[in-house]
Amino acid sequence: LLPDNLSYIEHIFEISRRPDLLTRVIEYRTTVLKISEDDEIDTKLTRIPSAKKYKDIIRQPSEEEIIKLAPPPKK
50 LLPDNLSYIE
60 HIFEISRRPD
70 LLTRVIEYRT
80 TVLKISEDDE
90 IDTKLTRIPS
100 AKKYKDIIRQ
110 PSEEEIIKLA
120 PPPKK
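Using the numbering used here, the first residue of the sequence shown is number 50, and each one after it goes up by one.
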């Protein structure tokens, strides 16, 4: 796929509100085509915010981000 076709596909997934599929297209672009976000700053291709939000939602929190609860009080 050409980068222009990927942009079109990203746009379609954005309109159809499918951040899961949009995330897959972005992962394909960065892993298979080796196009990083820094490379895309100079081109007309842009990152789509809903895919970033979706990736943040599905990622697992780190140990520092997990809120640890105190043990319940003993009676």
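We put the CB at the ideal spot given by N, CA and C, even for glycine.
* Asked: Less than 8 angstroms separating the beta-carbons of Glu59 and Val74?
  -> Contact: yes.
* Option nearest Asn54 by Cα separation, candidates Arg78, Lys83, Pro121, Ala119 -> Closest option to Asn54, Cα to Cα, is Arg78.
* Measure the C-alpha to C-alpha separation of Ile61 and Asp69 and round it to an integer number of angstroms. => Near 12 angstroms, if we compare the C-alpha coordinates of Asp69 and Ile61.
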